[in-house]
Each structure stands twice: as C-alpha cells, then as structure tokens.
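K.L.:
Dumping the structure here so I can ask a few things about it.
There are 2 protein chains.
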Amino acid sequence: MSARKSYQEQLEELQQEVLKMGTLVEQTIFNAVKSLKERNEELAQQIVDGDDFIDEYQIKIEDFCVKLLALQQPMASDLRVISTAMKIAVDLERMADHAVDIAKVTLRLAGQPLIKPLIDVPRMAEIAQKMIRESLEAYVHHDISRVEALIGYDHEVDALYNQVFRELLTFMMEDPRTIRQATQLLFVARYLERVADHATNLGEAIYYMVTGERKDLNC
Amino acid sequence: MSARKSYQEQLEELQQEVLKMGTLVEQTIFNAVKSLKERNEELAQQIVDGDDFIDEYQIKIEDFCVKLLALQQPMASDLRVISTAMKIAVDLERMADHAVDIAKVTLRLAGQPLIKPLIDVPRMAEIAQKMIRESLEAYVHHDISRVEALIGYDHEVDALYNQVFRELLTFMMEDPRTIRQATQLLFVARYLERVADHATNLGEAIYYMVTGERKDLNC
C-alpha cells in the first residue's frame, strides 16, 4: 500500500514536471515575440541558447514516463496519464522550437527597421499563450471544459494568420524592397499558427487522458 | 511461455503497423509533390481526403501501444520498442500533415502556370522520402548505422531549402507579380525541410530504441 502511495506521488511529480515545462515554453514563446517586437537581440540569443534545456526537459519527462511504466503495472487511467505526459512533452518541445525559429528571425533582421509595427503577430502570440495556459490548467485539474475552449482560440489565431498573410503580401507587392523582411514575418506568423495547432494537440491529448475517448479539435 | 510468445507476436505486429503507416506517409509525400509538379488537382484532393485515414492510423498505433503496456509488464527493451512506436507514429502523422499542406498549395494554385519548373523542390522531396525509408529500415532491423546517414541527408535538404529560398526571393524582387505564387512555393520548401526534420526525429527515436542512449541528430 505504501509502495502504491509512492507511485501516486511519482505520478503527481510527473504532472508537476509537465506543468513546469509548459510554463517555461509559454514564457519562451512570449519572449520570442517580445524580442522581435522590441528588436532585442540579446533576448533572442537567450532563447536560442536556452533551447537545449527545453530539449533535455522533454527527454527527462520521457525517461520519467518510461521508468514509471517499468516500475509499475499501471491501471488504465494511470496509463493514460503517463502516455499523455509523453505526448504533451513532445508538443511542448515542438512549440519551443518555433519560439527559437522566431528568435532567429529577430537575429536575422538585426539592424533593419521593421516595415510596419507588429500588432497582429503579438496578438497571435497572446492567444497561443492563453491556449497553452488553458491546456495546462485542463491537464492539472483534469478539466475538459477548458479543452473545448481551445477550438475558438485556434480559429482566432487562424483568422489573424490569414489577415497577416494578406497584409504582408500587399506590402511586398507595393514595395519589393520589403520582400526579404516580409517573408521572414510571414514565417513568424506561420510559426505562431503552428504553436496554436500544437496547443490543440495538447487539448486532444488531455481530453483522451480524462475521458479515455478521442476528440478532434482541429475542426 | 505461450502468453509471452503471443506478446512477442503482438510486438511484432506493432512494428509491422508502424512500417505500414510509414510506407503510406512516404507515398503521400511523394504524391503531394507530384500533384504540385504535374498540376494534378485530383491527386491533391485525394491527399487532402486521405488525411483522416492517416490520423486514425496514428491513433490505432497509440491505442495498440497503450493496450500492450496495460496487458504486460514489458521489459526495458520492449518498453522502448513500444514508446518508440508511439513517437514514430506522432512524427509520421505530422509529416502527413505537411503533405496535406503541400497538396493544398496545388489546389490553391490551380489554373495558374508555375513561375518556374520545379526542380529543387522534388529533389528535396526525394531526399526526405529516402530519409523516411532509411528510418523505417533502421526501425525494422534495429540498425543504427542507417540512422547516422540521416544527418547527411538532412544537411542536403537544408542546403536545397536555402537555395530555393534565395531563388524565390529573387523571383519576387524581379517581378512582383510572382509574389503570391512564390510565397506559396516558399512554404512548400519549408514543409519539406520540416519533413526532413521529422525524419531525423524518427532516427533519434530509433537510436534510443536500439541502444537505450540518446543521440542528437539535429547538429
């Protein structure tokens, strides 16, 4: 019985680790867009340098999961908690990669004035961050009502992406000198759109963890 | 002993399923680029329509893994086979998503002549396919020598991506009427570069499966 309890404590610890990684990734995305908006190359470089730490975090969580699976014969619901932790860590790591992609754009555009103030891109980032936070809350509290809210946020991000895309295309067509920078900003918008997709993946994984059923949030 | 054998048979079946999914995804990527190159919208539509099947394949493999974990207390090496199957299925599904992204470009450009014949993009796709095939071989034969070859292929894809990027930028600057299409082709190149990254993820997962050690192939 006490071994069982220690197992429960380990499951709890696993979830805390996922939460910590998620909070770190959310902050990294915020900082990536901040570095671009404020043309802060030092901050961008910190994000690039910090990526190894996030990669290691993912591996740490995966090893933890494999250890838990090996030590115990988990029940079905615990199995879902463990396999979901593995999946969440993969999606979080991919989101952090996109933050690095954005930070690299900051570094690439160093010294160039922006062709326009960034407004929709930071809004996309804000919503994507909110999606990560909601997912983490849903994860910790096993609360699927929060998962369903992700669909609406994802649509907002998609709409902003389309808006940014059209706007940048117009810039490029009107003034070919903006093309080089505009394509970089186009990629940034795309990365954020992907981050939001990854957040809906989190939602799907958490829905499965809680209910044992599959739900498609990419609709 | 016979239960153990049936378990081994199930592990074998799991690996066969991963292999089938991988072959399907490899073919989907080939077809996506073919649809773009040959302006075959019917083929592109088939890829878009077929994505649900690939998504379900991933879920099927995941469920299979969870079932195997629940039914047995796997040994460390079997645990790695199972957790690797889950990870490979996730990466394959993401690659298929990129194939869909490319097929959607085919549909979006319907009726427009291409601004240039596609040469480097199909080469990127060929190498990416080769990477998937090598990964699947490495997976089936537990052969890590094939994994290390992925690094060189990934660098080839990156070099082609940079070449395509520069070329399309030049097109756009010289003739702003090409901008709309060139940005789409830019995304296609980016998707293929990502597919190659996912293939190196497969390699890393397989390396871990075979050796129990981690190896960073994104260097």
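In the order they appear, the protein sequences are chains A and B.
The first sequence begins at 640 in our numbering and counts up one residue at a time.
The second sequence begins at 640 in our numbering and counts up one residue at a time.
Ideal Cβ placement from N, Cα and C applies to all residues, glycine included.
Being a predicted model, the structure only gives us computed values, none of them experimental.
Decide yes or no for the touch test of the region 712-730 of chain A against the region 704-711 of chain B: beta carbon pairs closer than 8 Å, at least 3 of them.
P.N.:
The region 712-730 of chain A, when compared against the region 704-711 of chain B, does touch it at the 8 Å Cβ threshold.
K.L.:
Count Cβ pairs between the region 796-811 of chain A and the region 733-740 of chain A that sit closer than 8 Å; are there 3 or more?
P.N.:
Cβ pair count under 8 Å is below three, so no.
K.L.:
For Leu722(A) and chain B, any beta-carbon pair shorter than 8 Å?
P.N.:
Rather than Leu, the amino acid found at residue 722(A) in this sequence is Ser. Yes - at least one Cβ of chain B is within 8 Å of the one on Ser722(A).
K.L.:
Under a CB-based cut-off of 8 Å, is Ile818(B) close to chain A?
P.N.:
Closer than 8 Å: yes.
K.L.:
Of the residues that make up the region 765-797 of chain B, which ones have a beta carbon closer than 9 Å to any beta carbon in chain A?
P.N.:
Correct list: empty, as no residue qualifies.
K.L.:
Only counting the same chain, and skipping five residues up and downstream in sequence, which positions put a Cβ closer than 7 Å to that of Val834(A)?
P.N.:
Same-chain partners within the cutoff: Ile668, Met734, His737, Ala767.
K.L.:
Which residues in the same chain as Met640(B) place their Cβ atom closer than 8 Å to its Cβ, once the five residues preceding and following it in sequence are excluded?
P.N.:
Confidence in Met640(B) is poor, its pLDDT being 42 and thus under 50, which makes the residue's placement too unreliable to answer from.
K.L.:
With a threshold of 8 Å between beta-carbons, can Leu650(A) be considered close to chain B, or not?
P.N.:
Output row for Leu650(A): interface = no.
K.L.:
Alpha helix (DSSP H) containing Lys699(B): first to last residue?
P.N.:
Per DSSP, Lys699(B) belongs to the alpha helix (DSSP H) from 680-710.
K.L.:
Between which two residues does the alpha helix (DSSP H) harbouring Thr809(B) extend?
P.N.:
Residues 783-813.
K.L.:
With a threshold of 8 Å between beta-carbons, can Met640(A) be considered close to chain B, or not?
P.N.:
Note that Met640(A) has pLDDT 42, beneath the 50 cutoff, so the model's placement of it is unreliable and the number below is only indicative. It does not: the Cβ of Met640(A) has no partner Cβ on chain B nearer than 8 Å.
K.L.:
Given 8 Å as the limit, is there contact between the region 756-773 of chain A and the region 675-692 of chain A, that is, 3 or more CB pairs closer than that?
P.N.:
At 8 Å Cβ cutoff, the stretches touch.
K.L.:
Less than 8 Å between the beta carbons of Phe804(B) and Ala821(B), yes or no?
P.N.:
Going by C-beta atoms, Phe804(B) is not nearer than 8 Å to Ala821(B).
K.L.:
Can you tell me where the alpha helix (DSSP H) with Glu765(B) in it begins and where it stops?
P.N.:
Unbroken alpha helix (DSSP H) run through Glu765(B): 759-780.
K.L.:
Whose C-alpha, out of Leu841(B), Ser774(B), Val687(B), is nearest the C-alpha of Thr745(B)?
P.N.:
Checked all of Leu841(B), Ser774(B), Val687(B); the closest Cα to Thr745(B) is Val687(B).
K.L.:
Tell me whether the beta-carbon of Ile845(A) lies closer than 8 Å to the beta-carbon of Thr662(A).
P.N.:
No, these two residues do not count as a Cβ contact at 8 Å.
K.L.:
At a Cβ threshold of 8 Å, is Lys726(A) touching chain B?
P.N.:
Yes, Lys726(A) counts as interfacial toward chain B.
K.L.:
Could you tell me which of Ala828(A), Glu651(A), Val849(A) sits nearest to Ala742(A), measuring between CA atoms?
P.N.:
Residue Ala828(A) is the option with its Cα nearest to Ala742(A).
K.L.:
Compare the C-beta of Ala709(A) against all C-beta atoms of chain B and say whether one is closer than 8 Å.
P.N.:
Yes, because at least one Cβ of chain B sits closer than 8 Å to the Cβ of Ala709(A).
K.L.:
Which one of Asp855(B), Met812(B), Glu813(B), Gln655(B) has the shortest CA to CA distance from Val720(B)?
P.N.:
Answer by Cα proximity: Gln655(B).
K.L.:
Using only the alpha-carbon positions, how far apart do Glu701(A) and Asn857(B) sit?
P.N.:
Looking at the two C-alpha atoms, the distance is approximately 19 Å.
K.L.:
Chain A partners of Gln712(B), CB-CB under 7 Å?
P.N.:
Here the neighbours are Gln712.
K.L.:
Compare the Cα-Cα distances from Glu651(B) to each of His780(B), Arg772(B), Glu695(B) and report the closest residue.
P.N.:
Comparing Cα-Cα distances from Glu651(B) to each of His780(B), Arg772(B), Glu695(B), the minimum goes to His780(B).
K.L.:
Mapping DSSP to helix, strand and coil, what is Asn670(A)?
P.N.:
Reduced to three states, the DSSP call for Asn670(A) is helix.
K.L.:
Beta carbon of Ile783(A), beta carbon of Thr850(A): below 8 Å?
P.N.:
Yes, they are a contact pair.
K.L.:
At least one CB of chain A closer than 8 Å to the CB of Met848(B): is that the case?
P.N.:
No, its Cβ sits nowhere closer than 8 Å to a Cβ of chain A.
K.L.:
How many whole angstroms separate the CB atoms of Gln711(B) and Tyr646(B), which I take to be in contact at a CB cut-off of 8 Å?
P.N.:
Indeed, because the Cβ distance is near 5 Å, the residues count as touching under 8 Å.
K.L.:
So is Arg805(B) in contact with chain A if we call contact Cβ pairs under 8 Å?
P.N.:
Arg805(B) does not count as touching chain A.
K.L.:
Thinking Glu732(A) and Asp694(A) are a contact (beta carbons under 8 Å), I'd like their distance in whole angstroms, please.
P.N.:
Sure, about 6 Å apart at Cβ, within 8 Å.
K.L.:
Could you check whether Val729(B) and Lys726(A) sit closer than 8 Å to each other, using their CB atoms as the reference points?
P.N.:
Yes, they are a contact pair.
K.L.:
Among Lys699(A), Leu807(A), Lys769(A), whose alpha-carbon lies nearest the alpha-carbon of Gln666(A)?
P.N.:
The residue with the shortest Cα to Cα distance from Gln666(A) is Lys769(A).
K.L.:
For Lys676(B), name the three-state secondary structure that DSSP assigns.
P.N.:
Reduced to three states, the DSSP call for Lys676(B) is helix.
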